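Encoded as structure tokens, the structure appears first; notes follow it.
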Amino acid sequence: SILFSEAMDLKRPNEDFGGLGAKRHRIDAAPSKVLYFRNLSPDTTEQDLTQFCASFGRVMNILRLKEKNQAFAEMDSIASATTLLNFFSSVGNKPIIRNNPVDIQYSSRQQVTVENKPQTYPVGQSGEESLGTILHLTIANPIHPVDCDILHHIFSQYGGTVLRIVCFEKNGSHQALVEYSEPTGAAVAKQVLNGHSIYSDGCTLRIDYSRLPRVNVRPDDKDGRDFTLTQGGYPQMPMVVGPQGVGRSQMVAPSMAQPMIASTTRTSPLQGGPAATSKVLLVNNLNQEKVTCDSLFKFFGTCGDVMRVKILFHKRDMAFIQFRDAQHAMQALTHLKDTILFDQKVNVQVSKMKDVPLPPRGTAESYEGLTTDYTESTMHRFAQSGSKNASNITFPSASLHLNNIPDGIEQEQVIQLFSMYGQVESFKFFLNNKKMGVLRFDNVNSAVSALVGLHGEPLDEYGLPPGDGRGLIISFSKSEPRR
Numbered sequence: 001s002i003l004f005s006e007a008m009d010l011k012r013p014n015e016d017f018g019g020l021g022a023k024r025h026r027i028d029a030a031p032s033k034v035l036y037f038r039n040l041s042p043d044t045t046e047q048d049l050t051q052f053c054a055s056f057g058r059v060m061n062i063l064r065l066k067e068k069n070q071a072f073a074e075m076d077s078i079a080s081a082t083t084l085l086n087f088f089s090s091v092g093n094k095p096i097i098r099n100n101p102v103d104i105q106y107s108s109r110q111q112v113t114v115e116n117k118p119q120t121y122p123v124g125q126s127g128e129e130s131l132g133t134i135l136h137l138t139i140a141n142p143i144h145p146v147d148c149d150i151l152h153h154i155f156s157q158y159g160g161t162v163l164r165i166v167c168f169e170k171n172g173s174h175q176a177l178v179e180y181s182e183p184t185g186a187a188v189a190k191q192v193l194n195g196h197s198i199y200s201d202g203c204t205l206r207i208d209y210s211r212l213p214r215v216n217v218r219p220d221d222k223d224g225r226d227f228t229l230t231q232g233g234y235p236q237m238p239m240v241v242g243p244q245g246v247g248r249s250q251m252v253a254p255s256m257a258q259p260m261i262a263s264t265t266r267t268s269p270l271q272g273g274p275a276a277t278s279k280v281l282l283v284n285n286l287n288q289e290k291v292t293c294d295s296l297f298k299f300f301g302t303c304g305d306v307m308r309v310k311i312l313f314h315k316r317d318m319a320f321i322q323f324r325d326a327q328h329a330m331q332a333l334t335h336l337k338d339t340i341l342f343d344q345k346v347n348v349q350v351s352k353m354k355d356v357p358l359p360p361r362g363t364a365e366s367y368e369g370l371t372t373d374y375t376e377s378t379m380h381r382f383a384q385s386g387s388k389n390a391s392n393i394t395f396p397s398a399s400l401h402l403n404n405i406p407d408g409i410e411q412e413q414v415i416q417l418f419s420m421y422g423q424v425e426s427f428k429f430f431l432n433n434k435k436m437g438v439l440r441f442d443n444v445n446s447a448v449s450a451l452v453g454l455h456g457e458p459l460d461e462y463g464l465p466p467g468d469g470r471g472l473i474i475s476f477s478k479s480e481p482r483r
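Take this note's numbering: the last position of the sequence shown gets the number 483, and nothing is skipped along the way.
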């Protein structure tokens, strides 16, 4: 297990553990990956501090000084520590842990020294010692599917680098093995996640240590993933799903029934902060009978250039969408959150995933087309700097703007083509340019279905002139057709 050094060994100038010095709010310390917490409530635990910091980066070590109501938290980098401090500085309110305002600042220490002595100061609250890098999970009340992708998504956030995961059934229960690269990651994940639920209505995690030296994943094992052997690589930064509202089919970061950590603003640190700079969105509650990577590419591509789409192998109502950059992702989040796609209201939220990974070669996932790379696609709308398309981004509407209409197509042919998706109220060509026009459906859902069905598709398949071969270019319109 991991043992912290004696508290007095950590005492440095400007870090007064009591007396008048504790009243000073030191702001002149050089940036450090170690954060110094003051004014903690007596009942604040290491788990509270770990959960508080985990949304901003990987938590390496926690030292709780209960007699002084103070603590040290070592993050994985100075950048993670700075992000946390900047977040609370930007919202202008003190962070709150267990309903108590606390002070946080850089420590003059650059690390929290640890020793490997299993007989004292073990990680966690139960007094047990760390037993290695592998966790044994039992998932109680498994009313929703839980696979390697979902477990990797969660355990990467709260522990560290996950190497391998295997899911299996034993004695009538759903179980899994999660292997970390280091004991610290396994200890932190066990401490934070044990007893919490993946979903609001089930899939509760019971976590123990496994004494196996390694998790073995067979190449043909559809229920196992070796994240060290992947095509294109898996992200090294932790992934985050911020708890942005709980629904029956919505996965959220594990949280306590009565939140122990909160901010004095409406957005808690687990909901915002560093995730707002991510270029990857998590989308769930998809219609898994109809949704494809191409339909998500077209729909979300109305607001930003989509580079990669990944539908989860064992949870096909959920997908990750990677954009060209964070600005494109935020445009899509703003305009497409809570919209209807294939008759279902989709939930869109920010992921802290650095990049969407490609599936390992030779796996079932790689053959089913559940992950598609669109980096070289010619259908990106915003690739050119200064494109007018960026100023025309709008929310989904019943009106569609059509561009690149082939020569020789008549108004009635356009209406007949789009009538496959619903009742068309009107269509008009532009006065001086018959390659463009505005078409209106009687509802937004039909317009969305038509856009994902016909955007970029070759028209000769429908008995119409093929034009230049690029197909129609369709986007949501802010204007109404002329009467």
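Where is the CB? At the ideal position from N, CA and C, for every residue including glycine. None of the values given here were measured: they were computed from a predicted structure.
Between which residues of its own chain and residue i is the CB-CB distance below 6 Å, once the five residues before and five after are set aside?
i: Thr375; result: Met307
i: Ser475; result: Thr302, His401
i: Gly467; result: Pro406
i: His455; result: Lys298, Ile474
i: Ala390; result: Phe382
i: Lys478; result: Thr394
i: His314; result: Pro145, Asp147
i: Asn100; result: Ser41
i: Leu451; result: Ile474
Which two residues bound the contiguous alpha helix (DSSP H) that contains residue i?
i: Ile139; result: No alpha helix (DSSP H) holds Ile139; the beta strand (DSSP E) holding it covers 134 to 140.
i: Gly453; result: 444 to 454
i: Phe52; result: 46 to 54
With C-beta atoms as the reference, is residue i less than 8 Å away from residue j?
i: Asp208; j: His144; result: no
i: His335; j: Phe418; result: no
i: Asn347; j: Asn284; result: yes
i: Gly304; j: Gln322; result: no
i: Asn69; j: Pro42; result: yes
i: Ile139; j: His174; result: yes
i: Glu74; j: Thr133; result: no
i: Val166; j: Val102; result: no
i: Arg324; j: Phe227; result: no
i: Leu341; j: Val424; result: no
i: Phe320; j: Val356; result: yes
i: Ser377; j: Ala326; result: no
Any idea what DSSP makes of residue i, helix, strand or coil?
i: Ile405; result: coil
i: Glu179; result: strand
i: Phe418; result: helix
i: Gln288; result: coil
i: Arg470; result: coil
i: Tyr374; result: coil
i: His335; result: helix
i: Ile78; result: helix
i: Phe88; result: helix
i: Asp226; result: strand
i: Gly463; result: coil
i: Gln191; result: helix
i: Cys148; result: helix
i: Glu412; result: helix
i: Met379; result: coil
i: His174; result: strand
i: Gln111; result: coil
i: Ala186; result: helix
i: Gln344; result: strand
i: Ser126; result: Low confidence applies to Ser126: its pLDDT is 37, below 50, so where it sits in the model is not reliable, and the reading given next is rough at best. Residue state, collapsed to three classes: coil.
Check for me: the beta strand (DSSP E) holding residue i runs from which residue to which?
i: Lys435; result: 433 to 441
i: Val306; result: 306 to 311
i: Thr204; result: 202 to 209
i: Ser295; result: Careful: Ser295 lies outside any beta strand (DSSP E), inside the alpha helix (DSSP H) at 293 to 300.
i: Ala390; result: Here Ala390 belongs to no beta strand (DSSP E), and DSSP marks it neither H nor E.
i: Lys428; result: 424 to 430
i: Arg214; result: It is not in any beta strand (DSSP E) - Arg214 carries neither H nor E in the DSSP assignment.
i: Pro95; result: 95 to 97
Run through the DSSP bridge pairs and tell me what residue i is partnered with.
i: Arg64; result: Ala71
i: Val350; result: Leu281
i: Ser156; result: DSSP output for Ser156 lists no bridge partner at all.
i: Gln105; result: Tyr36
i: Cys167; result: Ala176
i: Ile198; result: Bridge partners of Ile198: none, in fact.
i: Ala319; result: Val283, Ile311
Skipping 5 residues on each side, what residues in its chain have a beta carbon closer than 8 Å to that of residue i?
i: Val414; result: Leu402, Ile405, Phe427, Gly437, Leu439
i: Gly469; result: Pro458
i: Arg316; result: Leu286, Gln288, Val291, Leu370
i: Ala487; result: Lying outside 1 to 483, the shown extent of the chain, residue 487 is not represented and no answer is given.
Among residues of its own chain, excluding the 5 on either side of residue i, which ones have a beta-carbon nearer than 7 Å to its beta-carbon?
i: Asp44; result: The sequence as given places Thr at residue 44; Asp does not occur at that position. Result list for Thr44: Ile97, Arg98, in chain order.
i: Ile528; result: Any question about residue 528 goes unanswered here, given that the chain covers just 1 to 483.
i: Lys170; result: none
Does the beta carbon of residue i fall short of 7 Å from some heavy atom of the ligand GTP?
i: His335; result: The ligand GTP is absent from the structure shown, which contains no ligands of any kind.
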